[in-house]
Amino acid sequence: MTGDRYRVQSVGRALDIIDKIASSGKDGARLTDLAVAAGVTKAAAYAILLSLKAAGMVSDTGEGMGKRYRLGLALVRLGDLAVAGTGVAEVAMPVLRQLTQATGITSRVAIWDEDAAVVVGRADAPDAIRFDAALGRRERPHCSAVGKIFLAAMPRQQAIDILERTGYPARTPKTLSTMPALTSSLDLVIARHYAIDDEEDHAGVVCVAAAIFGHDGAAVGAISVTTLKQLLPDHAVPPLTRSIIEHADQISVALGGLPSSAAWPSKA
Numbered sequence: 001m002t003g004d005r006y007r008v009q010s011v012g013r014a015l016d017i018i019d020k021i022a023s024s025g026k027d028g029a030r031l032t033d034l035a036v037a038a039g040v041t042k043a044a045a046y047a048i049l050l051s052l053k054a055a056g057m058v059s060d061t062g063e064g065m066g067k068r069y070r071l072g073l074a075l076v077r078l079g080d081l082a083v084a085g086t087g088v089a090e091v092a093m094p095v096l097r098q099l100t101q102a103t104g105i106t107s108r109v110a111i112w113d114e115d116a117a118v119v120v121g122r123a124d125a126p127d128a129i130r131f132d133a134a135l136g137r138r139e140r141p142h143c144s145a146v147g148k149i150f151l152a153a154m155p156r157q158q159a160i161d162i163l164e165r166t167g168y169p170a171r172t173p174k175t176l177s178t179m180p181a182l183t184s185s186l187d188l189v190i191a192r193h194y195a196i197d198d199e200e201d202h203a204g205v206v207c208v209a210a211a212i213f214g215h216d217g218a219a220v221g222a223i224s225v226t227t228l229k230q231l232l233p234d235h236a237v238p239p240l241t242r243s244i245i246e247h248a249d250q251i252s253v254a255l256g257g258l259p260s261s262a263a264w265p266s267k268a
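In structure tokens, the structure reads:
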């Protein structure tokens, strides 16, 4: 029952509106923009918004032409339930907290969803600098450490197809923005058993990630740490990557999967 004839058009339009609001940032979205996103008249968009507001999924501020729509708090509860239902996140969180305690660096766990790595859990280091690491955040595959770890762990042609679909725009001067450079970096990930975003997504920010493997050797998740480049001298990288890999292996084994030493050689 996945064909177009089973899809409810009004539900699809409501989801288009929610997605547009989510991408509009703190300022919220105008009714006109939401109508365009859903492909409906302003009157129809307003009717959908009233239903979403009644369910707590949308809120509004302002009056008249200045009114803006934002996501409602009901979505927070649903998001928490979705994360709780993700087996990887449930198993990973205690280990993630151990990793953060051991390194003093904020750590995250992500899963793969529709051409992007999605953050489903986070352990914040006390007094650490807070980065944009909200749950549900979708990481670009070509310039994030978790994105690259997933790409390296999948069949190469599949990874190339994803990169061609999503593109690989330069986010910073250090972003790898050609296919040869990206595929070479994936080879390095396989050899090292970890991926690094060295100021490739945000200037001055470094992320390091390791894969969580299932019993069949496929990457079912990834964990990463994020810090400022100036706080991670070269001599600190090897012990940090070892710690991340060791903690990722703990999660893999707890899920009945393979450790990195067994899973990565099959990718070479």
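So that you can map any letter, position 169 of the sequence shown is 169 in my numbering, and since no number is skipped, the others follow by simple counting. Backbone N, C-alpha and C fix where the C-beta goes; we use that ideal spot for every residue, glycine too.
Could you compute how far the alpha carbon of residue i sits from the alpha carbon of residue j?
i	j	result
K20	M57	13 Å
G12	A117	23 Å
T2	I212	Because T2 sits at a pLDDT of 47, beneath the cut-off of 50, its placement in the model cannot be relied upon, and the point is left open.
T175	A43	43 Å
P126	T32	42 Å
I196	I190	12 Å
G28	G39	19 Å
G87	G121	11 Å
Q230	L34	41 Å
K228	S184	With the sequence shown as reference, residue 228 is identified as Leu, and Lys is not the correct amino acid for it. Taking the straight line joining both Cα atoms gives about 25 Å.
S23	I160	27 Å
H271	Y46	With the chain running from 1 to 268 in the structure shown, residue 271 is simply not present.
P155	A219	11 Å
P162	R138	Here residue 162 is Ile; the residue named in the question, Pro, does not match the sequence. For I162 and R138, the distance between alpha carbons rounds to 14 Å.
Q158	R140	16 Å
R171	T226	17 Å
S107	A54	36 Å
Using a 10 Å radius around the Cβ and a threshold of 16 neighbouring Cβ atoms, would you call residue i buried or exposed?
i	result
K267	buried
A181	exposed
R7	exposed
V271	Residue coverage of the chain in this structure runs from 1 to 268, which leaves residue 271 outside it and unanswerable.
L78	exposed
T61	exposed
V205	buried
Q250	buried
Return the first residue and the last residue of the beta strand (DSSP E) that residue i is part of.
i	result
G221	A219 to L228
R165	No beta strand (DSSP E) holds R165; the alpha helix (DSSP H) holding it covers R156 to T166.
T61	V58 to T61
D198	A195 to D198
L71	R68 to L71
S266	Careful: S266 lies outside any beta strand (DSSP E) and carries neither H nor E.
A210	V205 to F213
S110	Per the sequence shown, the amino acid found at residue 110 is Ala instead of Ser. That run of the beta strand (DSSP E) goes S107 to W112.
Over the uninterrupted alpha helix (DSSP H) stretch that includes residue i, give me the two end residues.
i	result
I149	A145 to A153
G87	G87 to T103
D16	Q9 to A22
V253	V237 to A254
S51	K42 to A54
R192	M179 to R192
Have a look at the options and flag the residue whose alpha-carbon is nearest the alpha-carbon of residue i.
i	options	result
A303	E63, I18, E164 and V95	With the chain covering only 1 through 268, there is no way to say anything about residue 303.
L202	T103, E90, C143 and K53	The question names Leu, but residue 202 in the sequence shown is His. Ranking T103, E90, C143 and K53 by Cα distance to H202 puts C143 first.
G64	M179, R30, L15 and I162	R30
H193	V76, L49 and A222	A222
I105	A262, M179, P173 and A123	A123
P259	G217, S224 and G25	G217
A89	A263, A254 and W264	A254
**OP:** Would you check if there are 3 or more beta carbon pairs closer than 8 Å linking the stretch 138-152 to the stretch 104-123?
**Re:** yes
Subject >> the stretch 92-103 / the stretch 240-249 touching (three or more Cβ pairs under 8 Å) >> reply: yes
Original post:
Three or more C-beta pairs closer than 8 Å, one from the stretch 158-171 and one from the stretch 223-243: is that the case here?
Top reply: no
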